[in-house]
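Asks:
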Ligand SMILES: Nc1nc2c(c(=O)[nH]1)N[C@@H](CN(C=O)c1ccc(C(=O)N[C@@H](CCC(=O)O)C(=O)O)cc1)CN2
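Numbering (our numbering), first residue to last: 657 to 939.
#1: Please find out if some non-hydrogen atom of ligand 1 comes closer than 7 Å to the beta-carbon of residue 919.
#2: State yes or no: is the C-beta of residue 772 within less than 8 Å of the C-beta of residue 783?
#3: Would a C-beta distance cut-off of 8 Å place residue 870 and residue 903 closer than the cut-off?
#4: Looking only at C-alpha atoms, which of 659, 778, 744, 810 sits nearest to residue 835?
#5: Keeping to the same chain, check which residues put their C-beta closer than 6 Å to that of residue 812; ignore five residues upstream and five downstream.
#6: Using the C-alpha atoms, what's the distance from residue 887 back to residue 934?
#7: According to the Cβ coordinates, are residue 693 and residue 706 closer than 8 Å?
#8: When you compare the CB positions of residue 687 and residue 767, do they come within less than 8 Å of one another, or not?
#9: Quick check on residue 762: buried or exposed, where buried means 16 or more other Cβ atoms within 10 Å of its Cβ?
#10: What's the gap between the Cα of residue 778 and the Cα of residue 789?
#11: According to the neighbour-count rule (16 or more other Cβ atoms, all chains shown, within 10 Å of its Cβ), is residue 937 buried or exposed?
#12: Is the beta carbon of residue 842 sitting closer than 8 Å to the one on residue 825?
#13: Nearer than 7 Å: is that true of the beta carbon of residue 688 relative to any heavy atom of ligand 1?
#14: When every heavy atom of ligand 1 is checked, does at least one fall within less than 7 Å of the C-beta of residue 821?
#15: Can you tell me whether DSSP reads residue 721 as helix, strand or coil?
#16: Express the C-alpha separation of residue 721 and residue 758 in angstroms, rounding to a whole number.
#17: Using the C-alpha atoms, what's the distance from residue 787 back to residue 847?
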């Protein structure tokens, strides 16, 4: 079998186009503020791409850049100001944060109604209890891609490799809500390869370049690779050994050009959703 490549860049472009059309019909511009602390170069690229995509789709978007030595108290004060600003519908604090700032404290300080990352415990709880809330962008993007690949989810055996708060756990919740039979596998799982091989849908989110080898893939599986790992050569690699896996899978996402662009498109989707919930269609 040679896998169909799931083109995340194209799907993201379509989604951004659809969002732009919806925003053009509104009487207000949904507001997004991205906060970057320090000068992590990868974060710089992601934040610029978010700003560019948001502006092109018609959002009122701005990045607030803070120095690397910013204190937790200063960042919390900025979050409080953004929470109170009626022009701001979505707040995203770019991760990772410098070591003097507790990520959980900052996430917990964001108004859940403006938490377009979907990381706040209130939004995590709403997802876990199948109530409407803001859903983390990367898992949401993976669900879009699975639908795009024509995956029939109901009753399918899905394995999520990785148990992070940001990707693995919410991904498992979304697959469960779509009636998959879900296994979360992780570093302590016995015989990871065998668990993965049983999957009809495999979502790899471990952050280890090409850890998932071709013989971990069940014949005809749909493989979603969340990993974006920078190799010493400067090249990007996913968590899945792409060529080996593509020889067995029915469909697979590439890196780059798979899940990454969907993360940004879903951030915009969440910002529009947050704006409409807060303001209603007339603003
Ligand atoms: N507050 C958040 N911080 C971080 C998140 C997040 O969802 N919220 N996710 C990642 C980084 N990220 C978005 O912030 C992100 C990563 C990668 C891409 C992307 O489009 N990647 C391209 C390749 C880009 C390159 O050349 O480096 C691709 O995969 O095609 C978008 C967003 C951590 N922080």
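All C-beta atoms, glycine included, are put in the ideal place defined by N, C-alpha and C.
All figures in this text were calculated on a predicted structure; none of them were measured in a lab.
Replies: By the coordinates alone:
#1: Here residue 919 refers to the residue found at position 263 of the chain shown. Correct: residue 919 has its Cβ closer than 7 Å to ligand 1.
#2: On the chain shown, residue 772 is found 116 positions in, with the first residue counted as 1. On the chain shown, residue 783 is found 127 positions in, with the first residue counted as 1. No, they are not a contact pair.
#3: Position 214 of the chain shown, counting from 1, holds the residue named residue 870. Position 247 of the chain shown, counting from 1, holds the residue named residue 903. Yes. Within cutoff.
#4: If you number the chain shown from 1, residue 835 lands on position 179. Looking at the Cα atoms, 810 is the closest of the given residues.
#5: For the purposes of this step, residue 812 is identified with residue 156 of the chain shown, where counting begins at 1. Excluding sequence neighbours, residue 812 sits near 836, 856, 857.
#6: Working through the chain shown from its first residue, we reach residue 934 at position 278. Working through the chain shown from its first residue, we reach residue 887 at position 231. Rounded to whole angstroms, residue 934 to residue 887 spans 42 Å at the Cα level.
#7: Counted from its first residue, the chain shown places residue 693 at position 37. Counted from its first residue, the chain shown places residue 706 at position 50. It is not a contact, given that the beta carbons lie outside the stated cut-off.
#8: Here residue 687 corresponds to residue number 31 of the chain shown, with the count starting at 1. Here residue 767 corresponds to residue number 111 of the chain shown, with the count starting at 1. Against a cut-off of 8 Å, the Cβ pair of residue 767 and residue 687 comes out as no contact.
#9: The residue you call residue 762 lines up with position 106 of the chain shown. By the 10 Å Cβ count, residue 762 comes out buried.
#10: To locate residue 778, count along the chain shown from 1; it is residue 122. To locate residue 789, count along the chain shown from 1; it is residue 133. Their Cα atoms are separated by approximately 8 Å.
#11: As a position in the chain shown, residue 937 is number 281, starting the count at 1. Counting Cβ neighbours within 10 Å, residue 937 comes out exposed, since fewer than 16 surround it.
#12: Sequence index remark: in the chain shown, residue 842 carries index 186 (1-based). Sequence index remark: in the chain shown, residue 825 carries index 169 (1-based). No, the Cβ-Cβ distance between residue 842 and residue 825 is not below 8 Å.
#13: Along the chain shown, read from residue 1 onward, the residue named residue 688 stands at position 32. Because no heavy atom of ligand 1 lies under 7 Å away, the Cβ of residue 688 does not count as near it: no.
#14: Residue mapping note: residue 821 aligns to position 165 of the chain shown, counting from 1. Incorrect: residue 821 has no Cβ contact closer than 7 Å to ligand 1.
#15: In the chain shown, counting from the first residue as 1, residue 721 sits at position 65. Three-state DSSP puts residue 721 in a strand.
#16: Numbered from its first residue, the chain shown carries residue 758 at position 102. Numbered from its first residue, the chain shown carries residue 721 at position 65. The alpha-carbon atoms of residue 758 and residue 721 are separated by roughly 18 Å.
#17: As a working mapping, residue 847 is identified with position 191 in the chain shown. As a working mapping, residue 787 is identified with position 131 in the chain shown. Distance between the alpha carbons of residue 847 and residue 787: 34 Å.
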